[in-house]
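*Asks:* Have a look at this one.
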Amino acid sequence: MELVHKALNELRAPEEVVSETVSPITVGLLVDSGTSFIEELLELVERRYGDDPNVRFKCFTSHTKDFEPSVFSEQMIAWARKYDGIIIAVREHPAITRAIEEISENGTPVICLTTDQESPKHLGYVGMDQIAAGLCAAQLLGKLSGDRSGEIFLATSAHYRCQEGRETGFRRLLRKEYPNLTISEIINSNDDAETVYKLFKSRLDEGAKPLGVYNVAGGNTGIAKAIRELGLPIAFIGHELNENSRRLLENGQMDFVITHDMETELKRCIKLIRRQKDFPDGNQPEYELLPPVLKTRFNI
């Protein structure tokens, strides 16, 4: 029996050595988004990695309405000189593309979180399958509308690739499966609840009576407020499970929230950065598309 225990301990030993010798990494996280998304992500970073000696984060955030491409891109480049990897969640812009290419050519990996970039130089994208998310929203609103004909309001904001993917999937399925439904756009360039409330309410005051709303951007509370004031049964689907959307689901002011596992996504980003640090040669870009997660008031 003693020999058996000795053999088992020897088998376990490599795992213990590996866990003790994980190389620490430093990560620059830069986010361009609305308030709710930023707050949720920063809270996750602090909760999950605040006391982790093997992962050190430095965070830079910019609200959608305050985005300055030159400032954001310069911050990316500056941090890439001193950190092991850069994680970004940001809209597409030529300045961002140039920064990604410069950083990557200098050997620092850039990972796109939640929303991808057009530059082929970044090491990977980790996030939800955005087209699949749009397809889900179209299927839900199509079924909820039944045989009725009418408008579906599509609320968008800035030039985020994640929103473009959602819109692509949404339009594709509605056009194919639900020709009785037409799309009317509301563009809220700020991801801001008050802005989208005013835009949405203005359309309703003009007499529009949409059968449903799909918000691919931020500002869910503004849309919910306008629907509540109107008092009509309008189906409402949005994105990102956070404090605001959770409350709207609980109160019946949103029907569905399409979300994703941010903690898993962040872990995968860190894995890619650590792999690049430990094995810098021959790493190919990786695109990890995770399935959308559908939430109702019954499973939050």
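Those letters in the sequence shown? Residues 995 to 1294, by this note's numbering.
The beta-carbon is built from N, C-alpha and C at its ideal position, and this holds for glycine as well.
#1: For A1089, collect the residues of the same chain with a Cβ closer than 7 Å to its Cβ; drop the 5 residues on either side in sequence, then sort them by chain order.
#2: List the endpoints of the continuous beta strand (DSSP E) containing L1107.
#3: Rounded C-beta distance between L1129 and I1231? I'm assuming under 8 Å.
#4: Rounded to whole angstroms, what's the CA-CA distance from E1218 to H1057? Just pull it up for me.
#5: Rounded to whole angstroms, what is the Cα-Cα separation between L1038 and D1110?
#6: Which runs of the beta strand (DSSP E) at least 3 residues long sit entirely within the stretch 1160-1190? Give them in chain order.
#7: Identify every run of the alpha helix (DSSP H) within the stretch 1062-1088, keeping only runs that are complete inside it and at least 4 residues long; order them along the chain.
#8: Mapping the DSSP letters down to three states, classify Y1208 as helix, strand or coil.
#9: Return the first residue and the last residue of the beta strand (DSSP E) that Y1043 is part of.
#10: Considering only residues of the same chain and omitting the five flanking positions on each side of K1052, which have a CB-CB separation below 6 Å?
#11: Work out the CA separation of L1138 and E1040 for me, nearest whole Å.
#12: Measuring only the C-alpha atoms, how far is P1286 from V1251?
#13: Assuming V1120 and R1262 form a contact by the criterion Cβ under 8 Å, report the distance between their Cβ atoms to the nearest whole angstrom.
#14: Where does the unbroken beta strand (DSSP E) through K1052 begin, and where does it stop?
#15: What's the gap between the Cα of D1078 and the Cα of A1093?
#16: Could you give the C-beta distance for L1235 and T1253, rounded to a whole number, given that I count them as a contact under 8 Å?
#17: Quick one, which of Y1281, D1272, E1244 has its alpha-carbon nearest K1289's?
#18: Looking only at C-alpha atoms, which of R1291, P1274, K1271, I1267 sits nearest to I1105?
#19: Check whether the Cβ atoms of D1150 and I1181 sit closer than 7 Å, and answer yes or no.
#20: For M1248 and A1132, I'd like the C-alpha separation in whole angstroms.
#21: Ordered along the chain, which non-local residues of its own chain (more than five positions away) have a Cβ less than 7 Å from that of Q1278?
#22: Rounding to the nearest angstrom, what Cα-Cα distance links R1169 and S1143 in this structure?
#23: Ignore the nearest five residues each way along the sequence and tell me which others in A1127's own chain have a CB closer than 6 Å to its CB.
*Replies:* Reading it off the structure:
#1: Along the sequence shown, read from residue 1 onward, the residue named residue 1089 stands at position 95. Correct list, in chain order: P1063, S1064, S1067.
#2: The residue given as residue 1107 occupies position 113 in the sequence shown. That run of the beta strand (DSSP E) goes 1104-1107.
#3: Counted from its first residue, the sequence shown places residue 1129 at position 135. Counted from its first residue, the sequence shown places residue 1231 at position 237. With a Cβ gap of about 12 Å, L1129 and I1231 do not count as contacting.
#4: As a position in the sequence shown, residue 1218 is number 224, starting the count at 1. As a position in the sequence shown, residue 1057 is number 63, starting the count at 1. The sequence given here has Ala at residue 1218, not Glu. Roughly 21 Å between the two C-alpha positions.
#5: As a working note, residue 1038 is residue 44 in the sequence shown. As a working note, residue 1110 is residue 116 in the sequence shown. Their backbone Cα atoms lie some 20 Å apart in a straight line.
#6: Listed in chain order, the complete beta strand (DSSP E) runs (minimum 3 residues) inside the stretch 1160-1190 are 1175-1181.
#7: 1063-1074
#8: Position 214 of the sequence shown, counting from 1, holds the residue named residue 1208. If DSSP states are grouped into helix, strand and coil, Y1208 belongs with the strands.
#9: Locating residue 1043 in the sequence shown gives position 49, counting from the first residue. Per DSSP, Y1043 lies in no beta strand (DSSP E) segment; the continuous alpha helix (DSSP H) that holds it begins and ends at 1029-1043.
#10: Position 58 of the sequence shown, counted from the first residue, corresponds to residue 1052. Excluding sequence neighbours, K1052 sits near G1022.
#11: Reading the sequence shown from its first residue, position 46 is the one you call residue 1040. Reading the sequence shown from its first residue, position 144 is the one you call residue 1138. Cα to Cα, E1040 sits roughly 39 Å from L1138.
#12: Along the sequence shown, read from residue 1 onward, the residue named residue 1286 stands at position 292. Along the sequence shown, read from residue 1 onward, the residue named residue 1251 stands at position 257. CA-to-CA, the gap between P1286 and V1251 works out to about 10 Å.
#13: Position 126 of the sequence shown, counted from the start, is the residue given in the question as residue 1120. Position 268 of the sequence shown, counted from the start, is the residue given in the question as residue 1262. That belief holds up - the Cβ atoms of V1120 and R1262 are roughly 5 Å apart, short of 8 Å.
#14: To locate residue 1052, count along the sequence shown from 1; it is residue 58. Residues 1049-1057.
#15: Within the sequence shown, residue 1078 is the residue found at index 84, counting from 1. Within the sequence shown, residue 1093 is the residue found at index 99, counting from 1. The straight-line gap from Cα to Cα measures roughly 16 Å.
#16: Residue numbering aside, residue 1235 sits at position 241 when the sequence shown is read from its first letter. Residue numbering aside, residue 1253 sits at position 259 when the sequence shown is read from its first letter. That pair is a contact at about 4 Å.
#17: On the sequence shown, residue 1289 is found 295 positions in, with the first residue counted as 1. Selected option, being the one with the closest Cα: E1244.
#18: Taking the sequence shown and counting its residues from 1, the one referred to as residue 1105 is at position 111. Nearest option by C-alpha distance: I1267.
#19: Along the sequence shown, one-based indexing puts residue 1150 at 156. Along the sequence shown, one-based indexing puts residue 1181 at 187. Before going further, note that residue 1150 is Thr rather than Asp in the sequence given. The answer is yes: Cβ separation under 7 Å.
#20: What you label residue 1248 is simply residue 254 of the sequence shown in a count that begins at 1. What you label residue 1132 is simply residue 138 of the sequence shown in a count that begins at 1. Taking the straight line from one Cα to the other gives about 15 Å.
#21: The residue given as residue 1278 occupies position 284 in the sequence shown. None.
#22: As a first step, residue 1169 is located in the sequence shown; it is residue number 175 there, counting from the start. As a first step, residue 1143 is located in the sequence shown; it is residue number 149 there, counting from the start. C-alpha separation (whole angstroms): 13 Å.
#23: As a position in the sequence shown, residue 1127 is number 133, starting the count at 1. Excluding positions up to five away in sequence, the list reads R1160, I1252, P1286.
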